[in-house]
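One line per chain: the protein sequences are A and B, in this order.
Per the numbering used here, residue 1 is the first one in the first sequence, and the count goes up by one each step.
Per the numbering used here, residue 1001 is the first one in the second sequence, and the count goes up by one each step.
Glycine included, C-beta positions come from ideal geometry on N, C-alpha and C.
A quick write-up on the structure given underneath.
2 protein chains.
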Amino acid sequence: MGQYVVIGLGRFGESVARTLSSLGHEVLVIDKSEEKVQEIADFVTTAIKADAQNEEFLRSVDIASYDAVVVAMAQSVEANILVNMLLKDLGVKYIVAKAQSKLHGEVLEKIGVNKIIYPEWDMGERVARALTMSHNILDYVEISPEHTIVEIAAPEEFVGKTLRQLDLRARCNISILAAKKGDNVVVAPGGEYIIDRGDILVAIGSYRDLRKLENKI
Amino acid sequence: MGQYVVIGLGRFGESVARTLSSLGHEVLVIDKSEEKVQEIADFVTTAIKADAQNEEFLRSVDIASYDAVVVAMAQSVEANILVNMLLKDLGVKYIVAKAQSKLHGEVLEKIGVNKIIYPEWDMGERVARALTMSHNILDYVEISPEHTIVEIAAPEEFVGKTLRQLDLRARCNISILAAKKGDNVVVAPGGEYIIDRGDILVAIGSYRDLRKLENKI
Ligand SMILES: Nc1ncnc2c1ncn2[C@@H]1O[C@H](COP(=O)(O)OP(=O)(O)OP(=O)(O)O)[C@@H](O)[C@H]1O
Ligand SMILES: Nc1ncnc2c1ncn2[C@@H]1O[C@H](COP(=O)(O)OP(=O)(O)OP(=O)(O)O)[C@@H](O)[C@H]1O
């Protein structure tokens, strides 16, 4: 299993740390707030109260030996940039950092941060797209300008029909990649698959066609 | 096309507004900061400087006639909750709101907000999962505890082989749902599909199997 460091326990950092832990990985979290460190201590491998700008401290935990470090403190752009520069200098193998703005992110790219995250920007795009599709859309991945994968709750009109009867590919250029009943998933369901009430369909098509589909119904 | 209102032009709100606009929908944005309103004015249908807690104002723009309202101001939990309550009372059809914390979100659910967004929490989960998979993972959707869809850059070892040769389904229970060369996407590629350098594969499998796959290579 992997070994990761998360610096900063804001909402983003805490979520990264808890998710990594729940997936079975080893997680060291660092935060300058005693309270935050105490709160998460039972849920991660190690939680240490420290200032991430302290080079001595980072060396003492052998930070370069980890698979990756996630820099999740972003309110102070200065502190974020300096910590990232320090990690780079210490030879950390892979750095993921949250950025406050596009300009901040550009600086991080220049200093060699491997992956830059803009949580609010990215979620804004996802939410906007999901909102315009349907209130049935549960998740959304854009594969290309012409292809989007969506998870959509099966509309009432589809219930009881087979995929062959619906003939989505011919009628509106949409393919059903998978169908989910509860936690049970059928990958690449055949034409004989019957849609039940409550099914979740994983569909691929263009944004325009997916929107047309749900305007028809 | 749809008609939407976005209240609050933080990073999340601005991203929602710009994305909705770029998708061709009508967008009214409301923010109490003159500067923010000016900055976005050319990119949306209408941008108005106003305080969203002002009921008179909301009635004057006929806010209940819109398809949905996105409440993207979340720094003041109090203001966020009160604006949401006001929108509900004014008969807004569908409300999406950003929440600061789980407790805040719980209140919003109780007052009838339709969809609650936790951008930092959700992105934290996505980033953690993508991080542990591979630095090749471009995007990630969890369909069920046993099925995840990932977009992954084709590893060197796959280049020049056909899907039949790789036999991923038999060897590690992974199906390739689509393959992308640049913007060109092949949905449900057949066994004869040859993987090129630079291809992006859209694969489905369990978290464990997808991780095993990329540990083998
Ligand atoms: N130099 C530092 N060393 C260690 N921890 C730090 C340092 N600076 C800030 N932190 C911690 O980082 C955490 C996140 O801080 P910050 O205010 O930057 O979050 P944020 O970007 O607003 O978070 P989010 O939006 O994810 O909730 C806080 O818990 C804070 O104590
Ligand atoms: N009562 C209000 N009426 C209108 N606009 C408001 C009101 N209160 C806050 N805003 C605006 O909402 C925007 C977002 O504010 P807020 O500080 O809540 O964002 P945030 O949640 O930190 O944003 P981000 O999406 O960047 O994380 C600001 O531009 C602010 O001017």
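Query: Chain B within 8 Å of HIS25 of chain A, Cβ atoms only; Result: yes
Query: Beta-carbon proximity of VAL1069 of chain B to ILE1048 of chain B, cut-off 8 Å; Result: no
Query: Listed by chain order, chain A residues near GLU1151 of chain B by CB distance under 8 Å; Result: VAL141 and ILE143
Query: Coil, strand or helix - LYS1110 of chain B by DSSP; Result: helix
Query: For ALA1130 of chain B, the three-state DSSP class (helix, strand or coil); Result: helix
Query: Backbone CA spacing between PHE1158 of chain B and SER206 of chain A [nearest angstrom]; Result: 28 Å
Query: Residue environment, LYS1180 of chain B, which counts as buried when at least 16 other CB atoms sit within 10 Å; Result: buried
Query: Beta-carbon separation (whole angstroms), THR1019 of chain B vs ARG129 of chain A, contact threshold 8 Å; Result: 7 Å
Query: Any non-hydrogen atom of ligand 1 closer than 7 Å to GLY10 of chain A Cβ; Result: yes
Query: Any chain A beta carbon closer than 8 Å to GLY1002 of chain B; Result: yes
Query: Cβ neighbours of VAL77 of chain A in the same chain (closer than 6 Å, five flanking residues each side left out); Result: GLN100 and HIS104
Query: Cβ pair count under 8 Å reaching 3, the stretch 1162-1179 of chain B against the stretch 193-200 of chain A; Result: no
Query: Burial state of MET1 of chain A (16 or more Cβ within 10 Å); Result: exposed
Query: Backbone CA spacing between ASP62 of chain A and LYS115 of chain A [nearest angstrom]; Result: 21 Å
Query: Residues near ALA154 of chain A in its chain [Cβ-Cβ closer than 6 Å; skip 5 each side]; Result: ILE195, ASP199 and LEU201
Query: Near ligand 1: GLU1157 of chain B beta-carbon under 7 Å from a heavy atom; Result: no
Query: Three-way DSSP call (helix, strand, coil) for GLU146 of chain A in this model; Result: coil
Query: Helix, strand or coil at LYS36 of chain A according to DSSP, with G and I counted as helix; Result: helix
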